[in-house]
Amino acid sequence: MRAREVVIAFSIALTVLLLAYVIELGGLGPLAPHTLRDIARAYLEYVYNPWNVTVSSMALEAVTAIVWDYRGLDTYFETSVLFVAIVGVVTLYRGYRELRGLGGAGLSEIVKTSTRVLVPLVLVAGASIAIHGHLTPGGGFQGGSFMAVLMVLLVVVFSLDYAFERGLTSSRLLAIRSAGLVGILLTSVALIVAGAVTGASAYVFQNMAREGSDLTMPSWLLDRPLGGTLFFFNVFESLAVVSGLTLAFIVLALRREEVDQALATGEWYE
Amino acid sequence: MSDYFSLMFTVVILSLVVNIGISLYGIFAKPSLVKKFIALTILSDSINSFAIALGFRRVVGSYPGVAVLADVPRGPEELRQFSAVSVDPLPQALVLTAIVIGLAVYMFLAGLIMLYYRHYGTTRVDVARGGKRG
Numbered sequence: 001m002r003a004r005e006v007v008i009a010f011s012i013a014l015t016v017l018l019l020a021y022v023i024e025l026g027g028l029g030p031l032a033p034h035t036l037r038d039i040a041r042a043y044l045e046y047v048y049n050p051w052n053v054t055v056s057s058m059a060l061e062a063v064t065a066i067v068w069d070y071r072g073l074d075t076y077f078e079t080s081v082l083f084v085a086i087v088g089v090v091t092l093y094r095g096y097r098e099l100r101g102l103g104g105a106g107l108s109e110i111v112k113t114s115t116r117v118l119v120p121l122v123l124v125a126g127a128s129i130a131i132h133g134h135l136t137p138g139g140g141f142q143g144g145s146f147m148a149v150l151m152v153l154l155v156v157v158f159s160l161d162y163a164f165e166r167g168l169t170s171s172r173l174l175a176i177r178s179a180g181l182v183g184i185l186l187t188s189v190a191l192i193v194a195g196a197v198t199g200a201s202a203y204v205f206q207n208m209a210r211e212g213s214d215l216t217m218p219s220w221l222l223d224r225p226l227g228g229t230l231f232f233f234n235v236f237e238s239l240a241v242v243s244g245l246t247l248a249f250i251v252l253a254l255r256r257e258e259v260d261q262a263l264a265t266g267e268w269y270e
Numbered sequence: 001m002s003d004y005f006s007l008m009f010t011v012v013i014l015s016l017v018v019n020i021g022i023s024l025y026g027i028f029a030k031p032s033l034v035k036k037f038i039a040l041t042i043l044s045d046s047i048n049s050f051a052i053a054l055g056f057r058r059v060v061g062s063y064p065g066v067a068v069l070a071d072v073p074r075g076p077e078e079l080r081q082f083s084a085v086s087v088d089p090l091p092q093a094l095v096l097t098a099i100v101i102g103l104a105v106y107m108f109l110a111g112l113i114m115l116y117y118r119h120y121g122t123t124r125v126d127v128a129r130g131g132k133r134g
């Protein structure tokens, strides 16, 4: 046991020293340089560029533009990974039942009242982070997880029974989660469908007009930039994230009586 | 000013590296799965902060700005001014992806650990090794 701890401590100290040495040598590039990398400058200068629309995403926020436009396919698969993980959690607990009336009245009346005050505030703040993702820092995932925290708070403060009574059942949450993912999929092929109808060519994940395709998503809504697909992606992603995270938390918070069946199912496989 | 800045930046980077080492120790040496899990989240957060620090830059006579246009630019000249003071947005976008995927992995791991606890009655890997049922 003693030797094992010494080996672990020694190898970790060595790792830290070697990492620090590599950074000191400049192995990760210059730290805090005065100039930007070329690719970063390109992203920053193209993010809202009506004078060169074929490379622009017409949004004001560079991070959202990279996440959902320039690297949109990456993000689509990333949100699929999140979906698969939630399906995995539900599958781990396969066979669980949602029981009502197990007791559990939640926390005290003071906590409940202050949580009721919080609900609209957090929902509005989360929706604003998600919907303004193409204008201000934030986006669909950030806004969605912001609202998911509220759902977790509701389950903890008002008890799981209350959540089931108010319709936060796992089948409904999974349906909303899937609807969000389908919305993302439809947004990504929207211009392909439009092109098939009108006979023009278009690309998957196309946002603004690109070289070889004049079709474009709307870049302005009333008096402010819309960012084309970015707005729709953010809205659908926030729906998907808030329902998915809530579902995962509800499954993790299930009571013993509810997962007995699931554990018994697991024992059949042994 | 510049020397002080460099020193503090080096301190931040080195403390992140040390943080990575400590969380690796937690993952390897702690017997409890919950503590391994916490150490894993600290490892991932340290690496994410590290990646964002790589996108940091210096601007002469001022602080660098966020990668968000404050207003609709009126000409290409404003875009050049924007890119002259803004930080690198690419590491932030990659870290956002990493956070989402990390969250997915954590949820799955948390579900596994809770099933492990309900099966063995403990989260310690060294106690449950014999297949003893709790």
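Order-wise, the sequence lines are chains A and B.
In this text, residue positions in the first sequence follow this note's numbering: the first is 1, and each later residue adds one.
In this text, residue positions in the second sequence follow this note's numbering: the first is 1, and each later residue adds one.
A virtual CB, placed ideally from N, CA and C, is assigned to each residue, including glycine.
| Item | Value |
| --- | --- |
| 7 Å Cβ cutoff met for Leu16 (chain B) and Ser44 (chain B) | no |
| Spatial neighbours of Val152 (chain A) in its chain, beta-carbon cut-off 6 Å, leaving aside the 5 residues before and after | Phe249 |
| 7 Å Cβ shell around Ile86 (chain A) - same chain, five flanking residues per side excluded | Arg177, Gly244, Leu247, Ala248 |
| Pairwise C-alpha distance: Gly61 (chain B) and Val85 (chain B) | 10 Å |
| Ordered list of alpha helix (DSSP H) runs contained in the stretch 17-49 of chain A, each at least 4 residues | 38-46 |
| Exposure of Tyr63 (chain B), with buried meaning 16 or more beta-carbon neighbours within 10 Å | exposed |
| Cα-Cα separation, Gly227 (chain A) to Val22 (chain A) | 40 Å |
| For Lys36 (chain B) and Ser49 (chain B), the rounded distance between their alpha carbons | 20 Å |
| Three CB pairs or more closer than 8 Å across the stretch 60-68 of chain A and the stretch 34-49 of chain A | yes |
| Under 7 Å by beta carbon: chain A residues contacting Gln92 (chain B) | Val63 |
| Minimum Cβ-Cβ distance from Ile66 (chain A) to chain B less than 7 Å | yes |
| Distance between Arg166 (chain A) and Thr97 (chain B) (C-alpha atoms, nearest Å) | 32 Å |
| Three-state class that DSSP yields for Gly180 (chain A) in the structure shown | helix |
| Cβ-Cβ separation, Ala29 (chain B) to Glu98 (chain A) (assumed contact under 8 Å), whole Å | Contact doesn't hold; Cβ gap of about 39 Å is too wide. |
| The stretch 11-25 of chain B contacting the stretch 12-28 of chain A, beta-carbon criterion three pairs below 8 Å | yes |
| Own chain, CB closer than 7 Å to Ile52 (chain B), minus 5 neighbours either side, in chain order | Pro91, Gln92, Val95 |
| Ala196 (chain A), DSSP secondary structure in three states | helix |
| Residues of the stretch 13-45 of chain A whose Cβ lies closer than 8 Å to any Cβ of chain B, in chain order | Ala13, Thr15, Val16, Leu19, Ala20, Ile23, Leu28, Gly29, Leu31, Ala32, Pro33, His34, Thr35, Leu36, Arg37, Ile39, Ala40, Arg41, Tyr43, Leu44, Glu45 |
| Best match in A:Leu135, A:Val242, A:Ser57, A:Ser159 for proximity to Asp223 (chain A) [C-alpha to C-alpha] | A:Leu135 |
| Residues near Leu216 (chain A) in its chain [Cβ-Cβ closer than 6 Å; skip 5 each side] | Reading the sequence as shown, one finds Thr at residue 216 (chain A) and not Leu. Once the five neighbours on either side are set aside, the close Cβ partners of Thr216 (chain A) are Met208, Ala209. |
| Close-in-space but distant-in-sequence residues of the same chain around Ile42 (chain B) (CB under 6 Å, 5 per side omitted) | Ser23 |
| Cβ neighbour criterion (16 or more within 10 Å) applied to Tyr76 (chain A) | buried |
| Residue of A:Asp161, A:Ala130, A:Ala194, A:Tyr162 minimising C-alpha distance to Ala148 (chain A) | A:Ala130 |
| is_contact[Arg57 (chain B), chain A] using C-beta, thresh 7 Å | yes |
| Same chain, Cβ closer than 7 Å to Gly134 (chain B), five either side skipped, listed in chain order | With a pLDDT of only 41 at Gly134 (chain B), under the threshold of 50, the placement of this residue in the model should not be trusted, and no figure is reported. |
| Residues, ordered as in the chain, of the stretch 215-226 of chain A that lie near chain B by beta-carbon distance below 7 Å | Pro225 |
| Whether Tyr276 (chain A) touches Leu254 (chain A) by CB criterion (7 Å) | In the structure as shown, chain A begins at 1 and stops at 270. Residue 276 (chain A) is therefore absent and cannot be evaluated. |
| Helix, strand or coil at Gly65 (chain B) according to DSSP, with G and I counted as helix | strand |
| Min CB distance Leu254 (chain A) to chain B below 7 Å | no |
| Amino acids of chain A, ordered along the chain, whose beta-carbon sits closer than 8 Å to that of Ile13 (chain B) | Ile23, Leu31 |
| With 16 other Cβ atoms within 10 Å as the buried cut-off, status of Val11 (chain B) | exposed |
| First and last residue of the uninterrupted alpha helix (DSSP H) at Val12 (chain B) | 2-29 |
| Whole-angstrom distance between Phe158 (chain A) and Lys132 (chain B), CA atom to CA atom | With a pLDDT of 48 at Lys132 (chain B), under the threshold of 50, the modelled position of this residue cannot be trusted; read the value that follows with caution. Roughly 37 Å between the two C-alpha positions. |
| Closer than 8 Å at the beta carbon, the chain A residues around Val66 (chain B) | Pro137 |
| Residue range of the unbroken alpha helix (DSSP H) whose run includes Asn234 (chain A) | 229-252 |
| Straight-line Cα distance separating Leu168 (chain A) from Ala194 (chain A) | 36 Å |
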